[in-house]
Amino acid sequence: MNIILFIIAWIIGVIFTGFSTIQILIVLFTSIPLTYRFKKKYGDLFDSLIVYIQSIISIIIHLCINFLVYYALIRCHNQYIVYGFLVGNLITIIMSIGKLGINKTNYFEYINTNKKAFAEEIYLTITNKEEVHDTFIMERCTDKKR
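Anchor point for the sequence shown: position 21 equals 41 in my numbering, and the numbering is continuous, going up by one each time.
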């Protein structure tokens, strides 16, 4: 019976981490750096305040959810449930490390999510041209070398 509880908690841990903890990491490693770069590149044609506020709200909501879930988990006295959930968390984070940061999927998801922050002419330009994405990827690579 305990092994079944472990497996169920493991699956729940994987799902929970994918929907909550990973969202915090995506905001930290994608949204904030892209917002900084778009503001630097387009200035007043990009309203970074909207994006930063949405990012902060998202982080706060997900941190509260994480706190409540982990608090409930700590109160649980079944070690199989606790360890199963934590193993699920760890596996999801390890599997998601390569998907964090500025990549093609996150880049276009960011643009579509925050399209109201862009002036119309900028939005049309960055959604139609692949080289804009490549430029941001190259900036990321060269920033790390400095």
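Using N, Cα and C, we set each Cβ at its ideal position, and we do this for glycine too.
Note that this is a predicted model, so its numbers are computed, not measured.
Q) Can you tell me whether Gly118 is buried or exposed, with buried defined as 16 or more other CB within 10 angstroms of its CB? A) Counting from one through the sequence shown, the residue named residue 118 turns up at place 98. Exposed: under 16 other Cβ atoms inside 10 Å.
Q) For Asn109, does the count of other Cβ atoms within 10 angstroms reach 16, so buried, or fall short, so exposed? A) In the sequence shown, residue 109 corresponds to position 89, counting from 1. Counting C-beta atoms within 10 angstroms of its own C-beta, Asn109 has 16 or more neighbours from the protein chains shown and is therefore classed as buried.
Q: List the DSSP bridge partners of Phe138.
A: Counted from its first residue, the sequence shown places residue 138 at position 118. Phe138 is bridged to Phe66.
**Q.** Nearest-angstrom beta carbon gap, His82 and Ser116 [assumed within contact, 8 angstroms]
**A.** Here the question's residue 116 lines up with position 96 in the sequence shown. Here the question's residue 82 lines up with position 62 in the sequence shown. Between His82 and Ser116 the Cβ distance is about 14 angstroms, and since that is not below 8 angstroms, they are no contact.
**Q.** Ile111 - containing alpha helix (DSSP H), residue span
**A.** As a first step, residue 111 must be located in the sequence shown, where it is residue number 91. Start and end: 99-116.
Q) Does the ligand PLP have a heavy atom nearer than 7 angstroms to the CB of Asn134? A) The ligand PLP is absent from the structure shown, which contains no ligand whatsoever.
Q: Could you tell me whether the Cβ atoms of Val71 and Ala139 are closer together than 8 angstroms?
A: Working through the sequence shown from its first residue, we reach residue 71 at position 51. Working through the sequence shown from its first residue, we reach residue 139 at position 119. Not a contact, by the Cβ cut-off of 8 angstroms.
(Q) Counting beta carbon pairs with one atom in the region 57-69 and one in the region 88-102, are three or more of them shorter than 8 angstroms? (A) Fewer than three beta-carbon pairs drawn from the region 88-102 and the region 57-69 are found closer than 8 angstroms, and the two stretches are therefore not classed as touching.
**Q.** Nearest-angstrom beta carbon gap, Thr50 and Asn126 [assumed within contact, 8 angstroms]
**A.** Position 106 of the sequence shown holds residue 126. Position 30 of the sequence shown holds residue 50. Rounded, the Cβ-Cβ distance is 4 angstroms, consistent with contact.
Q. From Thr147 to Ile131, what does the alpha carbon distance come to, in whole angstroms?
A. In the sequence shown, the residue the question calls residue 147 occupies position 127. In the sequence shown, the residue the question calls residue 131 occupies position 111. Whole-angstrom Cα-Cα distance: 8 angstroms.
Q) Is Gly121 helix, strand or coil when you go by DSSP? A) Residue 121 sits at position 101 when you count from the first residue of the sequence shown. Coil at Gly121, not helix or strand.
(Q) Less than 6 angstroms between C-beta atoms, sequence neighbours within five positions excluded: which residues of the same chain meet that for Val107? (A) As a position in the sequence shown, residue 107 is number 87, starting the count at 1. Excluding residues within five positions, the ones whose Cβ falls inside 6 angstroms are Trp30.
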